[in-house]
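Protein sequence lines, in the order shown, are assigned to chains P and Z.
Each number in my numbering comes from the position in the first sequence (counting from 1) with 12 added on.
Each number in my numbering comes from the position in the second sequence (counting from 1) with 12 added on.
Just below is one structure, and these are the notes that go with it.
Number of protein chains: 2
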Amino acid sequence: MSAIDRFWAVIPAGGAGTRLWPLSRASSPKFLHDLTGSGRSLLQSTVDRLVPLAGERIMVVTGAAHEDAVRAQLPTLPGDQLLAEPSPRDSMAAIGLAAAVLERRDPDAVIGSFAADHVIGDLPEFEACVRAAVEVADEGYLTTIGIAPTHPATGFGYIRMGDPLPGRDRASAVREFVEKPDSERAAAYLATGEYRWNAGMFVVRAAVLLDLLARWHPNLAAGLREIAAAPERLPEVWPGLTKIAIDHAVAEPAAGEGRVAVVPARFGWDDVGDFASLAGLLPQTDGMPGVRVLGDADLVRVSDSSGVVVPAGGRHIAVVGLSDIVVVDTGDALLVTTTERAQAVKGVVEGLRAEGRGELL
Amino acid sequence: MSAIDRFWAVIPAGGAGTRLWPLSRASSPKFLHDLTGSGRSLLQSTVDRLVPLAGERIMVVTGAAHEDAVRAQLPTLPGDQLLAEPSPRDSMAAIGLAAAVLERRDPDAVIGSFAADHVIGDLPEFEACVRAAVEVADEGYLTTIGIAPTHPATGFGYIRMGDPLPGRDRASAVREFVEKPDSERAAAYLATGEYRWNAGMFVVRAAVLLDLLARWHPNLAAGLREIAAAPERLPEVWPGLTKIAIDHAVAEPAAGEGRVAVVPARFGWDDVGDFASLAGLLPQTDGMPGVRVLGDADLVRVSDSSGVVVPAGGRHIAVVGLSDIVVVDTGDALLVTTTERAQAVKGVVEGLRAEGRGELL
Chain P
13 MSAIDRFWAV IPAGGAGTRL WPLSRASSPK FLHDLTGSGR SLLQSTVDRL
63 VPLAGERIMV VTGAAHEDAV RAQLPTLPGD QLLAEPSPRD SMAAIGLAAA
113 VLERRDPDAV IGSFAADHVI GDLPEFEACV RAAVEVADEG YLTTIGIAPT
163 HPATGFGYIR MGDPLPGRDR ASAVREFVEK PDSERAAAYL ATGEYRWNAG
213 MFVVRAAVLL DLLARWHPNL AAGLREIAAA PERLPEVWPG LTKIAIDHAV
263 AEPAAGEGRV AVVPARFGWD DVGDFASLAG LLPQTDGMPG VRVLGDADLV
313 RVSDSSGVVV PAGGRHIAVV GLSDIVVVDT GDALLVTTTE RAQAVKGVVE
363 GLRAEGRGEL L
Chain Z
13 MSAIDRFWAV IPAGGAGTRL WPLSRASSPK FLHDLTGSGR SLLQSTVDRL
63 VPLAGERIMV VTGAAHEDAV RAQLPTLPGD QLLAEPSPRD SMAAIGLAAA
113 VLERRDPDAV IGSFAADHVI GDLPEFEACV RAAVEVADEG YLTTIGIAPT
163 HPATGFGYIR MGDPLPGRDR ASAVREFVEK PDSERAAAYL ATGEYRWNAG
213 MFVVRAAVLL DLLARWHPNL AAGLREIAAA PERLPEVWPG LTKIAIDHAV
263 AEPAAGEGRV AVVPARFGWD DVGDFASLAG LLPQTDGMPG VRVLGDADLV
313 RVSDSSGVVV PAGGRHIAVV GLSDIVVVDT GDALLVTTTE RAQAVKGVVE
363 GLRAEGRGEL L
């Protein structure tokens with residue numbers, strides 16, 4: 013299969029990943045790390061996965077602080093396909109900037125946004141979904157790819173599907189986007205079979221996205237188009253842009269008007285949200301049943317233990333008699349917790365920030 | 013109270029302390045470390061505790077590999093009060109060498125041997141016991157100080173007490189020394205009230221010790237006396253000396269002949285045998301209920317956890333949601349276990365040795 017005509021993959025590379033501290037840091041966030049033991053960072057894997065669909069039409073949007081690191085990881089990416097945000101302005105500004113730039117290059121461009129720090133299991137199914145989504149997007153829909161939920165997760169937003177689109181077997185209308193639910197509501201969503209996880213995958217014609225945005229946030233749309241027309245205006249215009257997620261800015265209001273479609277996906281998807289999630293993604297380590305090692309397994313010795321060990325500090329690590337343990341060793345900080353408490357790692361980072369220990373964040 | 017006339021404190025400074033890996037190493041064993049947060053190493057604390065009893069009459073016996081480290085920790089110790097063993101020859105040779113050297117200096121010297129890596133709680137009671145033991149030893153007894161057992165420990169040998177010595181309210185005859193028991197036998201020992209832990213504290217006239225040794229191990233006694241008479245013969249004679257513990261060599265057979273006495277002690281005693289033991293010795297850390305930190309508490313952040321944390325590697329350590337956890341961080345190695353499994357740390361060291369990872373031992 014060849015790359016899709018006029019299709020641009022947009023990769024917003026942001027997000028702190030505080031639940032993966034001390035591996036993920038403000039200065040070296042999640043997407044720059046190889047978290048699956050594949051030898052490629054999450055960002056690199058995201059690009060690898062999109063090249064068969066977009067060819068060389070890859071656009072990465074990242075914070076200015078990470079521009080050099082992204083360039084180092086993607087040495088063949090042309091200079092004009094990496095957009096650096098002077099400051100974080102949330103997902104609408106990031107994806108919208110790419111849309112505005114690409115709209116100028118090709119008024120018929122279709123863009124697909126895919127976060128730089130997610131993991132996807134079944135590539136042929138992923139490709140099929142994106143191809144289907146591009147076809148629907150070409151008709152003018154804001155098209156999302158909805159992940160089949162595997163459990164009543166409370167950490168994701170949900171997409172409520174409506175009727176199938178006429179003449180399409182892989183796409184339905186979207187009734188609404190719903191915010192992260194509590195566990196009771198999440199279970200109720202799953203029971204209906206109508207809901208999909210919102211993984212932030214939006215496929216849409218660049219011009220359609222900006223035109224929709226112009227209806228609800230005209231200043232934001234105008235600002236983005238102004239920067240695309242005159243890139244030297246970026247430093248001046250950017251700080252004044254509205255800070256809002258693409259879901260709230262465009263997807264939710266457009267769904268209310270029947271302008272949003274969803275392609276329900278069957279591929280495995282993981283946002284590597286915490287170390288419990290990471291443990292599930294890593295392969296078993298030879299000779300250590302129940303233990304997953306991310307890094308050099310020769311540094312790790314376990315006895316009577318299970319869980320995940322990350323020897324990223326070069327030190328030898330011995331774990332004795334602990335179940336579902338999480339040990340993450342880095343040069344300057346060490347985390348010890350359990351997979352069950354993996355979400356609580358965020359609190360450690362908040363505590364360090366409150367104490368002014370910025371050097372560890 | 014002044015120092016005891018003719019009394020020499022002998023401090024055998026040896027033992028690997030493998031259950032305290034990675035803090036204690038072959039190159040830097042337990043006695044060189046401050047394991048109580050007092051600011052003094054176990055060796056220094058041992059000396060501090062004996063100075064009121066022996067004044068400047070302190071004799072340290074250590075392995076040649078640790079001679080420089082001991083000298084650095086005890087800068088005021090005269091050069092001729094530090095004996096370096098060319099190779100490990102067990103406790104009889106170590107204490108016997110000190111006895112032989114001191115016998116030549118003063119034929120009436122009374123020596124008391126006290127391991128360099130034990131912790132003692134009640135110093136006035138300790139001093140009273142040693143003073144009582146020296147009086148008994150002066151009469152020709154090999155006198156031991158027996159620790160009141162607090163639980164049916166299986167890791168120590170036991171001393172079975174006999175009748176009180178005539179005219180002495182603090183000393184009894186020793187019926188026998190028994191090896192480390194299983195837990196059933198240990199419980200039975202405790203129930204009788206007749207047993208004390210053998211902490212290797214022997215108080216005896218130097219000449220009596222060597223004369224007793226000469227009866228059961230004449231070559232060993234002769235070799236030690238030969239080295240004392242001609243120190244330059246040490247390298248040649250030492251390697252041929254019998255490797256045997258003082259308990260087996262002298263204390264057990266002498267007990268059979270009624271030559272051994274015991275002063276039962278009431279002071280708290282701990283051999284800091286593992287990290288569970290260490291946890292019990294450390295003070296509570298401010299602001300971290302249930303957690304003991306050995307080292308800089310500013311490096312440690314705990315949440316919903318209890319146990320002991322040793323930040324000896326300079327890294328920041330975060331522990332979330334773990335009870336009775338043991339985290340020991342050093343420059344090149346990290347241990348994570350529980351106080352319950354503290355004894356199993358020995359197995360880690362054995363595994364590393366079997367794998368030829370000598371640099372970590």
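Ideal Cβ positions, reconstructed from N, Cα and C, are used throughout, including at glycine.
Owing to the predicted nature of the structure, the values given are computational and were not obtained by experimental measurement.
{"Query": "Strand pairing of E264/Z, partner residues [DSSP]", "Result": "None; E264/Z has no bridge partner."}
{"Query": "Inter-stretch contact (C-beta, 8 Å, three-pair minimum) for the region 90-107 of chain Z and the region 352-365 of chain P", "Result": "no"}
{"Query": "A84/P at chain Z interface by Cβ criterion, 8 Å", "Result": "no"}
{"Query": "Residue environment, V63/P, which counts as buried when at least 16 other CB atoms sit within 10 Å", "Result": "exposed"}
{"Query": "Three-state secondary structure assigned by DSSP to I239/P", "Result": "helix"}
{"Query": "L135/Z burial status per 10 Å Cβ neighbour count (16 or more: buried)", "Result": "exposed"}
{"Query": "The region 190-202 of chain Z touching the region 164-174 of chain Z, judged by at least three CB pairs closer than 8 Å", "Result": "yes"}
{"Query": "Closest residue to T30/Z among L290/Z, A233/Z and G285/Z (Cα-Cα distance)", "Result": "G285/Z"}
{"Query": "At least 3 beta-carbon pairs within less than 8 Å: the region 114-134 of chain P vs the region 16-30 of chain P", "Result": "yes"}
{"Query": "Cα-Cα separation, T351/P to G319/Z", "Result": "19 Å"}
{"Query": "9 Å Cβ cut-off: residues of chain Z touching T349/P", "Result": "S315, S317, A330, V331, V332, G333 and L334"}
{"Query": "Cβ separation of D341/Z and A366/Z, assumed to be a contact under 8 Å, to the nearest whole Å", "Result": "Rounded, the Cβ-Cβ distance is 24 Å, inconsistent with contact."}
{"Query": "Buried/exposed call for S317/P, threshold 16 Cβ in 10 Å", "Result": "buried"}
{"Query": "Pairwise C-alpha distance: A211/P and D223/P", "Result": "23 Å"}
{"Query": "Contacting positions in the region 350-364 of chain P - beta carbon closer than 8 Å to chain Z", "Result": "T350, E352, R353, A356, V357, G359, V360, G363 and L364"}
{"Query": "8 Å Cβ cutoff, L306/Z in contact with chain P", "Result": "no"}
{"Query": "Proximity of A185/P and G169/P at Cβ, strictly below 8 Å", "Result": "no"}
{"Query": "Exposed unless 16 or more other CB atoms sit within 10 angstroms - verdict on M13/P", "Result": "exposed"}
{"Query": "Where D341/Z falls: helix, strand or coil (DSSP)", "Result": "strand"}
{"Query": "Of the residues R83/P, L346/P, H130/P and P230/P, the one placed nearest M213/P, counting alpha carbons only", "Result": "H130/P"}
{"Query": "Beta-carbon contacts of F379/P that lie in its chain and below 6 Å, excluding the five residues immediately before and after", "Result": "Here chain P covers residues 13 to 373 and nothing more, so residue 379/P does not appear."}
{"Query": "Close-in-space but distant-in-sequence residues of the same chain around D46/Z (CB under 7 Å, 5 per side omitted)", "Result": "R52 and S53"}
{"Query": "Whole-Å CB distance - T156/P paired with I132/P, under 8 Å assumed", "Result": "Actually they do not touch by this definition, with Cβ atoms about 15 Å apart."}
{"Query": "Per-residue DSSP class, three states only, for F189/Z", "Result": "strand"}
{"Query": "Of the residues P243/P, R117/P and E191/P, the one placed nearest A219/P, counting alpha carbons only", "Result": "R117/P"}
{"Query": "Interface flag, R182/P vs chain Z, CB-CB below 8 Å", "Result": "no"}
{"Query": "Residues within the region 125-142 of chain Z neighbouring chain P, beta-carbon criterion of under 8 Å", "Result": "none"}
{"Query": "Contacts that R327/Z makes with chain P (C-beta to C-beta distance below 7 Å)", "Result": "D344, A345 and L346"}
{"Query": "Top-ranked residue by Cα proximity to Q296/Z, from L290/Z, A288/Z and V305/Z", "Result": "V305/Z"}
{"Query": "Nearest-angstrom Cα separation, counted from L95/Z out to G75/Z", "Result": "8 Å"}
{"Query": "Minimum Cβ-Cβ distance from L290/Z to chain P less than 8 Å", "Result": "no"}
{"Query": "Listed by chain order, chain P residues near V339/Z by CB distance under 8 Å", "Result": "L346 and V348"}
{"Query": "Rounded C-alpha distance that separates V303/Z from V321/Z", "Result": "7 Å"}
{"Query": "Residue nearest to I159/P in terms of C-alpha spacing, selected from E68/P, A183/P, G152/P and A267/P", "Result": "A183/P"}
{"Query": "Buried versus exposed, by CB contacts within 10 Å (16 or more), P247/P", "Result": "exposed"}
{"Query": "Proximal chain Z residues relative to L372/P, where beta-carbon distance stays under 8 Å", "Result": "H328"}
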